[in-house]
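Report on the structure given below.
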Amino acid sequence: MKTTTMTRVTSLIGGALLGLTALQASAATEMPPIPDVKGDVVKADGDFKIKFSIGTTQSGAQYRGLEYFEKIVEKRSDGHIQVELFPGAQLGDDLQAVSALQSGTLEMTAPSTSPLVSMFPKFALFDLPFLFPTPEVADEVLDGEIGQQMLEDASTNGLVAIGWAENGYRQLTNSQHPVSSPEDLDGLKIRTMQNPIHLDIWRTLGANPTPMSFAELFTALEQGVVDGQENPWITIQSSKFNEVQDYATETNHVYTPFITLVSERFWKRLPDDYQQLLREAAKQMGDYERHVSRTMNDQIKQELADSGMQITELTPEQMKTFQETVAPVYDDWRDKIGGELIDKVRAVSQ
Ligand code: EAX
Numbered sequence: 026m027k028t029t030t031m032t033r034v035t036s037l038i039g040g041a042l043l044g045l046t047a048l049q050a051s052a053a054t055e056m057p058p059i060p061d062v063k064g065d066v067v068k069a070d071g072d073f074k075i076k077f078s079i080g081t082t083q084s085g086a087q088y089r090g091l092e093y094f095e096k097i098v099e100k101r102s103d104g105h106i107q108v109e110l111f112p113g114a115q116l117g118d119d120l121q122a123v124s125a126l127q128s129g130t131l132e133m134t135a136p137s138t139s140p141l142v143s144m145f146p147k148f149a150l151f152d153l154p155f156l157f158p159t160p161e162v163a164d165e166v167l168d169g170e171i172g173q174q175m176l177e178d179a180s181t182n183g184l185v186a187i188g189w190a191e192n193g194y195r196q197l198t199n200s201q202h203p204v205s206s207p208e209d210l211d212g213l214k215i216r217t218m219q220n221p222i223h224l225d226i227w228r229t230l231g232a233n234p235t236p237m238s239f240a241e242l243f244t245a246l247e248q249g250v251v252d253g254q255e256n257p258w259i260t261i262q263s264s265k266f267n268e269v270q271d272y273a274t275e276t277n278h279v280y281t282p283f284i285t286l287v288s289e290r291f292w293k294r295l296p297d298d299y300q301q302l303l304r305e306a307a308k309q310m311g312d313y314e315r316h317v318s319r320t321m322n323d324q325i326k327q328e329l330a331d332s333g334m335q336i337t338e339l340t341p342e343q344m345k346t347f348q349e350t351v352a353p354v355y356d357d358w359r360d361k362i363g364g365e366l367i368d369k370v371r372a373v374s375q
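Counting from 26, one number per residue, gives the positions in the sequence shown under the numbering used here.
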């Protein structure tokens, strides 16, 4: 009897606490609502299951986009395509998920483009420092001819690339001290994505970079294997990096897109009309996800500051020092990437 009461009391308190946490969580992450699904039901033969895996966690903008994707696809296929979401690299890190697509054991994933540069060298465009001055320029490039061509080029090696979304502008965090100039980076161990340009950027700035998968990053920060990392505010918050990183600098050094990929083995089994449905859903997901990410960016920066992170905003002069210090990276990469592509992006920025 006593135990029962105790259990009930505990579970009541637990429930109240849970309720509070849920309330705080929802206050902290109030995202633009998931839009209604528009468009007719698509009729085609067969029933299909999509496992969709991502590296970022359930509280990020990317997952929210996936929820919209799921809603569109399930509704417009009248339940004949079921989508199951796996956030937080549960089914493997970004590169593992891509190879699972190639072998046909996973249907969809949406990694940052950066770890894929060894497969698709042109993606390196998105790793060049300070190339995209505004998100709108990124949209014009991704949603225009260049982005379309890249989706086609990436539709090979067992993959079909069907859309873009955004991870966003990357910011530096670390556990040691405030960073407002490249000198402050001297000797800092910074985790980078598995990408040669990112390594080059941080080496050129004077840090000591180490490439590592995103899935390993929290533990590496927590255990002090690395001192810092860089990711957009929303990814910093949704991965709780602020719990193990006291300092951040708003560097906006790279704009990272997410690319929506489907397993070619799965794709070939889909009727044309369902392929088209997936393309439309990927486009709508991408537009909505970018909207969520951009609406939340400043709010999340503020929340990170409120949570105790010391955030350094650079003055225009300090920013210029970073840009000038990192400029040699272009000398090394311009020809490898194709200078023309860089010039086209610059032309869009004018
Ligand atoms: O899915 O590895 C990273 O830091 C990226 O931001 C990651 O791809 C997010």
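Using N, Cα and C, we set each Cβ at its ideal position, and we do this for glycine too.
- Look at the region 148-205 and you find these whole runs of alpha helix (DSSP H), each 4 residues long or longer: 160-168, 170-179.
- Per DSSP, Q115 has no beta-bridge partner at all.
- For G85, no alpha helix (DSSP H) encloses it, and the DSSP letter there is neither H nor E.
- Residue ranges of uninterrupted alpha helix (DSSP H) with 4 or more members, entirely inside the region 239-302 and ordered along the chain, are 242-247, 258-263, 289-294.
- Counted as a single uninterrupted DSSP element, the stretch harbouring E55 is not any beta strand (DSSP E), since DSSP gives it neither H nor E.
- Residue state for F347 is assigned as helix, using DSSP reduced to three classes.
- In terms of side-chain proximity, the C-beta atom of T235 is found no nearer than 7 Å to any non-hydrogen atom of the ligand EAX.
- The alpha carbon of W189 has as its nearest neighbour, out of L156, Q121, R315, the alpha carbon of R315.
- Residue environment: K214 is assigned as buried (16 or more neighbouring CB atoms within 10 Å of its CB, all protein chains considered).
- When distances are taken from the beta-carbon of P221 to the heavy atoms of the ligand EAX, even the shortest one reaches 7 Å or more.
- Excluding residues up to 5 positions away in sequence, V123, L126, M133, T134, A135, P136, A179, L184, V185, A186, I187 lie with their Cβ nearer than 8 Å to the Cβ of L286 in the same chain.
- Relative to the ligand EAX, even the nearest heavy atom lies 7 Å or more away from the CB of T244.
- In this structure, G113 sits away from I259, with a CB-CB distance that is not shorter than 8 Å.
- When DSSP reads this structure, K214 sits in a beta bridge with N233.
- In this structure, DSSP gives K74 an extended state, which the three-state scheme calls strand.
- Only residues of its own chain outside the window of five on either side were considered, and among them W189, P282 have a CB closer than 7 Å to the CB of L167, listed in chain order.
- Residue pairing of Q107 in beta bridges, as defined by DSSP: K74.
- For the pair A163 and T274, the Cα-to-Cα distance works out to about 22 Å.
- Rounded to the nearest angstrom, the Cβ distance from L116 to L91 is 13 Å, too far for a contact under 8 Å.
- Spatial neighbours of P207 in its own chain (CB-CB distance under 6 Å, excluding positions within 5 residues in sequence) are listed in chain order as L230, G231, T350.
- The beta-carbon separation of P154 and S374, rounded to 14 Å, does not stay under the 8 Å limit for a contact.
- Less than 8 Å separates the beta-carbon of Y280 from that of G193.
- Taken through DSSP and simplified to helix, strand or coil, Q335 comes out as strand.
- Ranking E365, G71, K63, V251 by CA distance to the CA of P296 puts G71 first.
- Contact annotation: N267 and S200 have beta-carbon atoms that are not nearer than 8 Å.
- Of the other Cβ atoms in all chains shown, 16 or more fall within 10 Å of the Cβ of V354; this residue is therefore buried.
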